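Everything on this sheet refers to the single structure shown next.
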Amino acid sequence: MVFADIERYTLCIDPKDISHRISKDTKAIVTVYYNIYPAPMDEIL
Numbered sequence: 026m027v028f029a030d031i032e033r034y035t036l037c038i039d040p041k042d043i044s045h046r047i048s049k050d051t052k053a054i055v056t057v058y059y060n061i062y063p064a065p066m067d068e069i070l
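Residue numbers (the numbering used here): 26 to 70.
As structure tokens, this is what we get:
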């Protein structure tokens with residue numbers, strides 16, 4: 026399991042931190058919505 030950093034104000038996954046963590050073994054990216062802040066899905070996709 027590999028964890029990515031979060032954005033400071035939304036506490037959601039930081040899309041800029043995902044790209045260098047993806048490897049050939051990556052099967053899924055799990056995003057979590059925290060409180061009222063949705064994860065930035067457009068940037069993640």
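Beta carbons: idealized from backbone N, C-alpha and C, even for Gly. Just so it is clear, the structure is predicted and the values come from calculations on it, not from any experiment.
Please go through the same chain and pick out, in chain order, the residues whose beta-carbon is closer than 7 Å to the beta-carbon of residue i, but skip the five residues on each side of it.
{"i": "Ala29", "result": "Ile38, Asp39, Asp42, Ile43 and Arg46"}
Check residue i in the structure and name its three-state DSSP category.
{"i": "Ile61", "result": "coil"}
{"i": "Ile31", "result": "strand"}
{"i": "Ile43", "result": "helix"}
{"i": "Ile38", "result": "strand"}
{"i": "Met66", "result": "helix"}
Would you verify that the beta carbon of residue i is, or is not, closer than 9 Å to some beta carbon of chain B?
{"i": "Ala53", "result": "In the structure shown, chain B does not exist; there is a single protein chain."}
In chain order, what residues of the same chain have a beta carbon less than 6 Å from the beta carbon of residue i, not counting five sequence neighbours either side?
{"i": "Thr56", "result": "Ile38 and Ala64"}
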